[in-house]
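Below: one structure, written as structure tokens.
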Amino acid sequence: MSAGRRRGTALARVVFPAAPVWLLDEPLNALDASAQTAFRTALQKHLAGGGLAIAATHAELGVAGRTLELAAEVAT
């Protein structure tokens, strides 16, 4: 795990200590359509159970409560 990813994990644990956290990097990238559907279902179940997901992705996951979009390395 890279140093940046370790820092992000540590920060997520401090901010959300009781929530199970999934850190996702392009989670849909190598999945076919049926696997994407299964992943989205599992993610929705995780979130409904009080879990947290932080995802870096180009694809819309369709389950986000909040979204931060980056353009030209500046948060918008």
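When we follow the numbering used here, the leftmost residue of the sequence shown carries the number 1240, and every step to the right adds one.
All residues carry an ideal CB built from backbone N, CA and C; glycine is no exception.
Item, Value
"Once the 5 residues before and after residue 1260 are set aside, which same chain residues still bring their CB inside 8 Å of it?", "1248, 1251, 1252, 1290, 1291, 1292, 1293"
"Give the range of the alpha helix (DSSP H) segment to which residue 1253 is assigned.", "1242-1254"
"Taking the alpha helix (DSSP H) that residue 1286 falls in, what are its first and last residues?", "1272-1287"
"Using the Cα positions of residue 1296 and residue 1269, report the straight-line distance between them to the nearest angstrom.", "12 Å"
"Would you mind working out which of 1298, 1302, 1274 sits nearest residue 1286, comparing C-alpha positions?", "1302"
"Give me the Cβ distance between residue 1267 and residue 1282, rounded to the nearest whole Å; I'm assuming they're in contact under 8 Å.", "The pair is not a contact, with the Cβ atoms about 10 Å apart (cut-off 8 Å)."
"From 1309, 1245, 1272, pick the residue whose C-alpha is nearest to that of residue 1262; which is it?", "1245"
"Using DSSP bridges, identify the partner residues of residue 1260.", "1291"
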